[in-house]
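Chains as they are written, first to last, in the numbering used here: chain S, 4 to 282; chain X, 5 to 312; chain W, 124 to 493.
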Amino acid sequence: MNRRPIFLIGCLAFGFAFFYVPILSMIFFSFNRSRLATVWGGFSLQWYGKLFDNAQILNAAILSLKIALLSATLATVLGTLAGIALARFRRFPGRTLFSGLVTAPLIMPEVITGISSLLLFIMMAQWIGWPGSRGFTTITIAHITFSMTYVTTIVQARLQSMDMSVEEAAMDLGSKPWQVLKDVTLPIISPAILSGWLLAFTISIDDVVITNFTTGPGYTTLPILIWSKVRLGVTPDINALATIIVLVVACGVGLSSYLLGRAERRRERDVQMAIAANA
Amino acid sequence: MTAPAHQGWFDRRGWRDFIIAAPYAWLVAFFLAPFVIVVAMSLARTATQSPPFAYLPQWPYVRLDSYGRLFTDTLYIRSYLVSIRNAAIATGLCLLIGYPMALGMTRVSRSTQRLLLMLVILPFWTSFLLRVYAWIGLMGTNSWFNRAATAIYNALVPADWAITSLHMMNTNFAVVLVMVYSYLPFMILPLYANLEKLDLNLNEAALDLGSRPWQVFKDVTLPLSVPGIIAGGLLVFIPASGELIIPSLVGNAADPMIGRVISDQFSIAQDWPMASAVAVALLVLLVVQTVLYSYFDARARAGAEQAP
Amino acid sequence: MPASNAPFIRIDGVTKKFGDFTAVDNVSLDISRGELFALLGGSGCGKTTLLRVLAGFETPSVGKVSIDGQDMTGVPPYGRPVNMMFQSYALFPHMTVEANVGYGLKHETMTPAARRDRVKEMLALVQLSPLAGRKPHQLSGGQRQRVALARSLARQPKLLLLDEPLGALDKKLREHTQFEIANIQYKTGITFIVVTHDQEEAMTLASRVAVMDKGVIRQIGSPAEVYEYPNSSFVAGFIGSINMAEAEVREVASGHARIAVRQLAAELTVTMRENFSTGERAIFAVRPEKLAIARTRPDGAANVIPGTVQDFGYFGKDSLYRIKLDNGHILSVNTVNARRLGVGETAVTWEDRVFLTFEPGSAILLKAGT
Chain S
4 MNRRPIFLIG
14 CLAFGFAFFY
24 VPILSMIFFS
34 FNRSRLATVW
44 GGFSLQWYGK
54 LFDNAQILNA
64 AILSLKIALL
74 SATLATVLGT
84 LAGIALARFR
94 RFPGRTLFSG
104 LVTAPLIMPE
114 VITGISSLLL
124 FIMMAQWIGW
134 PGSRGFTTIT
144 IAHITFSMTY
154 VTTIVQARLQ
164 SMDMSVEEAA
174 MDLGSKPWQV
184 LKDVTLPIIS
194 PAILSGWLLA
204 FTISIDDVVI
214 TNFTTGPGYT
224 TLPILIWSKV
234 RLGVTPDINA
244 LATIIVLVVA
254 CGVGLSSYLL
264 GRAERRRERD
274 VQMAIAANA
Chain X
5 MTAPAHQGWF
15 DRRGWRDFII
25 AAPYAWLVAF
35 FLAPFVIVVA
45 MSLARTATQS
55 PPFAYLPQWP
65 YVRLDSYGRL
75 FTDTLYIRSY
85 LVSIRNAAIA
95 TGLCLLIGYP
105 MALGMTRVSR
115 STQRLLLMLV
125 ILPFWTSFLL
135 RVYAWIGLMG
145 TNSWFNRAAT
155 AIYNALVPAD
165 WAITSLHMMN
175 TNFAVVLVMV
185 YSYLPFMILP
195 LYANLEKLDL
205 NLNEAALDLG
215 SRPWQVFKDV
225 TLPLSVPGII
235 AGGLLVFIPA
245 SGELIIPSLV
255 GNAADPMIGR
265 VISDQFSIAQ
275 DWPMASAVAV
285 ALLVLLVVQT
295 VLYSYFDARA
305 RAGAEQAP
Chain W
124 MPASNAPFIR
134 IDGVTKKFGD
144 FTAVDNVSLD
154 ISRGELFALL
164 GGSGCGKTTL
174 LRVLAGFETP
184 SVGKVSIDGQ
194 DMTGVPPYGR
204 PVNMMFQSYA
214 LFPHMTVEAN
224 VGYGLKHETM
234 TPAARRDRVK
244 EMLALVQLSP
254 LAGRKPHQLS
264 GGQRQRVALA
274 RSLARQPKLL
284 LLDEPLGALD
294 KKLREHTQFE
304 IANIQYKTGI
314 TFIVVTHDQE
324 EAMTLASRVA
334 VMDKGVIRQI
344 GSPAEVYEYP
354 NSSFVAGFIG
364 SINMAEAEVR
374 EVASGHARIA
384 VRQLAAELTV
394 TMRENFSTGE
404 RAIFAVRPEK
414 LAIARTRPDG
424 AANVIPGTVQ
434 DFGYFGKDSL
444 YRIKLDNGHI
454 LSVNTVNARR
464 LGVGETAVTW
474 EDRVFLTFEP
484 GSAILLKAGT
């Protein structure tokens with residue numbers, strides 16, 4: 004159809020305005036001189052200055068990063084194993100329960116996950132004396148639990164769509180089982196594992212509710228810090244912090260999609276050259 | 005089936021056991037066990053001790069009073085209904101805004117599609133809290149957005165209805181608005197994935213057979229995108245109905261959603277058994293939905309696979 | 124012959140550009156009522172674009188199309204008396220066979236009973252009545268193809284466009300369906316335009332064939348005309364297999380030309396279809412089945428080319444030889460095994476010294492650079 008879909012383009016414009024006007028407004032007011040975050044009082048960078056003087060924010064960000072890196076990595080290991088188990092083992096005792104346990108965290112409201120994890124830690128402390136206090140370990144355990152199932156979903160889907168005959172070909176050509184895993188399977192599913200890790204990382208570093216229930220005194224992650232500040236109302240230093248976060252994320256996403264796009268274009272060109280060479 | 009003729013790399017006994025056991029044990033310990041504790045907790049009663057619960061000293065040990073209160077105390081019934089209503093309205097609005105966007109995204113060039121897809125995902129990678137925060141700023145009574153909205157409102161209604169500012173913060177309207185904003189990508193992405201796969205030849209065939217463009221949409225595009233609508237709807241409805249952050253920050257405390265009730269019962273009222281009972285009831289609601297969805301989804305897939 | 128003089132379908136100077144790329148380049152074509160016409164060409168030759176212009180999915184950059192005397196400029200696809208059978212069939216996956224066939228009738232003013240009757244009639248025409256309640260995914264490829272055909276015929280269009288109608292079928296089914304399409308075309312009397320890249324398909328189906336290349340029609344004619352008398356080396360090479368070589372005209376006399384073909388190291392006599400003058404460069408072409416093969420030098424033959432059998436393939440009904448000439452050039456020869464060999468008789472085989480002969484009228488002399 005040659006006609007430009009005017010209506011659909013209009014909807015796209017409206018939708019993206021809806022997405023980005025609040026964010027741009029938030030960024031705009033981070034440069035506000037006024038203490039009132041929503042009334043313009045002239046240009047200023049003072050809130051950024053305050054932000055960098057604030058050791059509390061920096062410590063919270065470092066704690067968040069530590070938890071996210073550790074929990075995403077462990078969640079990726081466990082999640083990948085679960086994905087392999089579900090994709091490759093048609094039957095084993097308790098498979099139904101297992102696949103239920105993998106799906107359930109995806110629909111479990113965070114508040115329930117948070118409360119139930121907290122109850123577990125309290126009961127364990129009563130029964131076996133561990134964990135003595137809640138903090139880094141308990142937060143990390145809770146994050147691993149609910150982010151590993153996202154990794155499982157991604158890895159399982161990739162394994163199921165993968166052509167099994169390449170593994171058989173490798174075995175036919177004399178590879179030992181671990182060599183098949185190393186040389187064939189892992190390279191093929193590695194993009195899925197990587198995106199699973201990224202998703203687990205994002206979920207962890209962004210989490211408020213579950214962290215709020217499983218944290219203890221002295222362990223304030225960045226989202227918890229923002230949460231406690233935002234509850235008190237709008238302050239320009241949050242705008243400044245938001246601006247920095249948005250910029251970092253936008254650069255990261257932009258760079259990765261540029262690299263992915265370049266790799267894809269190169270692939271397309273190679274395919275075309277191969278076809279041309281064949282003709 | 006008999007044993008397969010070949011063995012996969014994963015078929016070694018020790019590996020196989022480890023691959024299954026490690027994640028299985030983890031999920032049982034840190035997901036199933038807590039859940040069992042919650043169910044057990046919902047059958048206890050509050051007590052002035054630490055932790056603040058106790059079971060009956062003799063048979064039957066448990067009580068169902070917490071579940072009884074779910075149906076007698078209007079707070080719980082009301083918060084259930086408010087949750088379902090808010091989540092349903094948010095899901096409907098997401099569909100209304102997201103469907104044309106997803107459809108529009110399939111009608112532009114490949115490179116533009118990639119860019120737009122990135123723009124849809126980008127807010128998702130920024131902090132969820134900050135997206136809520138952005139709207140707190142916009143909805144405040146002296147923000148430019150509120151003033152603009154007020155001006156539009158005043159221009160539309162008779163002069164004696166005029167108001168100085170719209171009351172947006174701490175209302176269910178605010179909750180729905182921010183939920184739509186936060187969850188819209190979850191609606192757009194599955195819809196786009198679904199619509200993008202549709203064969204444009206089908207649209208041309210319908211046009212060729214005499215359908216006007218809107219009939220093509222009604223007869224071809226819409227029925228074929230039902231799986232995407234259902235998937236997107238669930239991805240919005242499920243987290244929206246148990247949402248805690250948004251109602252806590254912009255909602256009306258006097259008319260709370262169920263997530264906030266659970267949290268308040270637990271942390272403020274210290275009534276752990278009641279909080280657990282409400283949680284179990286909310287879960288039942290969500291599980292029933294999901295099971296229904298996977299049943300219909302599996303049936304649809306099985307039907308599609310009958311193709312020779 | 125139709126009553127009116129105006130052609131039924133008139134494509135008048137149509138050009139279609141996509142950016143810098145010219146898909147269809149100033150094509151003019153008349154097709155009469157009831158014809159089964161084939162557009163033949165390789166991928167990217169513009170045949171599908173021309174079909175989509177006729178259907179109304181593409182607007183021509185220049186030129187216009189009229190159908191039954193009606194100018195189609197600005198008429199949307201849903202307003203044209205044209206239906207199309209898509210290469211992918213484009214069956215609606217969520218509708219039954221019956222609903223697919225009846226879909227186009229929803230937009231016609233007719234009673235529900237008449238609509239049902241028409242659907243029944245169409246299903247009977249393609250012999251699918253027992254499968255009316257099935258969904259497309261429950262059908263075989265051949266059945267889907269027939270649903271697509273019935274669906275596009277249901278509205279009784281003035282013109283039916285078929286995009287690679289046999290492309291997705293396997294070889295056996297293809298031959299059967301070929302005749303079925305021709306049969307249905309004959310029964311309904313609707314004008315068909317078939318787009319195909321398969322020359323055999325075009326030759327067997329169509330009463331007239333247009334060979335397209337790079338957006339331009341290179342030759343129009345009956346299948347036999349296009350095969351036996353190609354007007355250019357492109358058409359000669361595109362349809363069927365052919366031996367071609369550069370030649371120089373030595374002598375011209377009474378419709379025949381004496382030519383020197385350096386690659387074949389031979390002087391040959393061929394019948395002229397166009398005028399050539401002495402000394403002119405030309406292209407000599409002869410189809411493999413026009414060459415006769417013998418182990419002894421035939422007496423009195425007009426054209427004899429000696430060589431050695433380099434390769435030999437036996438296909439049952441015919442055999443294909445690759446003959447290496449003394450200068451290394453290779454010629455293909457196709458012989459029909461019309462007669463069973465007698466006792467002690469051997470077929471021409473590897474390493475045999477052979478002589479190729481052909482009638483002057485069986486070869487083709489083409490203008491150089493075509």
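C-beta atoms are modelled at their ideal positions from N, C-alpha and C, and glycine is treated no differently.
Between the beta-carbon of residue i and the beta-carbon of residue j, is there less than 8 Å?
i, j, result
"valine 2/S", "glycine 246/X", "Coverage of chain S is limited to positions 4 through 282, which leaves residue 2/S absent and any answer about it impossible."
"isoleucine 250/X", "serine 147/X", "no"
"glycine 227/W", "glycine 96/X", "no"
"threonine 218/S", "isoleucine 142/S", "yes"
"glycine 338/W", "threonine 145/W", "yes"
Between which two residues does the beta strand (DSSP E) carrying residue i extend?
i, result
"valine 409/W", "404-409"
Under three-state DSSP, which class holds residue i?
i, result
"lysine 139/W", "strand"
"glutamate 374/W", "strand"
"alanine 7/X", "Residue confidence for alanine 7/X is low, a pLDDT of 42 falling below 50, so the modelled location carries little weight; the figure read from the coordinates is stated next. Three-state result, alanine 7/X: coil."
"threonine 106/S", "helix"
"proline 429/W", "strand"
"threonine 493/W", "coil"
"glycine 13/S", "helix"
"lysine 337/W", "coil"
"glycine 117/S", "helix"
"alanine 166/X", "coil"
"proline 354/W", "According to the sequence displayed, residue 354/W carries asparagine and not proline. Reduced to three states, the DSSP call for asparagine 354/W is coil."
Does the beta-carbon of residue i have 16 or more other beta-carbons within 10 angstroms, so that it is buried, or is it exposed?
i, result
"alanine 235/X", "buried"
"valine 348/X", "The question about residue 348/X has no answer, for chain X in this structure spans 5 to 312."
"asparagine 5/S", "For asparagine 5/S, the pLDDT reaches just 43, beneath the cut-off of 50, and the residue's location in the model is therefore unreliable, leaving the point undetermined."
"aspartate 21/X", "exposed"
"glutamate 474/W", "exposed"
"arginine 234/S", "exposed"
"valine 158/S", "buried"
"cysteine 283/S", "This structure gives no information on residue 283/S, because the portion of chain S shown stretches from 4 to 282."
"alanine 273/W", "buried"
"histidine 171/X", "exposed"
"leucine 248/X", "buried"
"methionine 261/X", "buried"
"leucine 160/X", "exposed"
Taking the alpha carbon of residue i as the point to measure from, which residue in the options has its own alpha carbon closest?
i, options, result
"asparagine 198/X", "Ile233/X, Leu188/X, Ala159/X", "Ile233/X"
"glycine 347/W", "Ala333/W, Ile340/W, Lys337/W", "Here residue 347/W turns out to be alanine, not glycine, going by the sequence shown. Comparing Cα positions, the closest option is Ala333/W."
"threonine 130/X", "Leu81/S, Asp210/S, Trp200/S", "Asp210/S"
"alanine 257/X", "Val86/X, Gln293/X, Val32/X", "Val86/X"
"arginine 396/W", "Glu390/W, Val375/W, Arg385/W", "Val375/W"
"phenylalanine 315/W", "Glu287/W, Val372/W, Ala491/W, Glu323/W", "Glu287/W"
"glutamate 200/X", "Ile262/X, Met261/X, Ala285/X, Tyr103/X", "Tyr103/X"
"glutamate 390/W", "Gly451/W, Phe399/W, Val372/W, Arg404/W", "Val372/W"
"leucine 204/X", "Ile362/W, Ser211/W, Asn149/W, Glu221/W", "Ser211/W"
"glutamine 193/W", "Asn366/W, Gly344/W, Arg133/W", "Arg133/W"
Taking the continuous alpha helix (DSSP H) assigned at residue i, which residues delimit it?
i, result
"alanine 461/W", "Here alanine 461/W belongs to no alpha helix (DSSP H), and DSSP marks it neither H nor E."
"serine 33/S", "Element bounds for serine 33/S: n/a, residue is neither H nor E."
"histidine 146/S", "139-164"
"glycine 237/X", "230-245"
"glycine 102/X", "78-109"
"threonine 116/X", "114-129"
"alanine 44/X", "37-46"
Hey, would you say the C-beta of residue i is under 7 Å away from at least one heavy atom of the ligand FAD?
i, result
"methionine 143/X", "Among the ligands in the structure shown, none appear at all, so the ligand FAD cannot be discussed."
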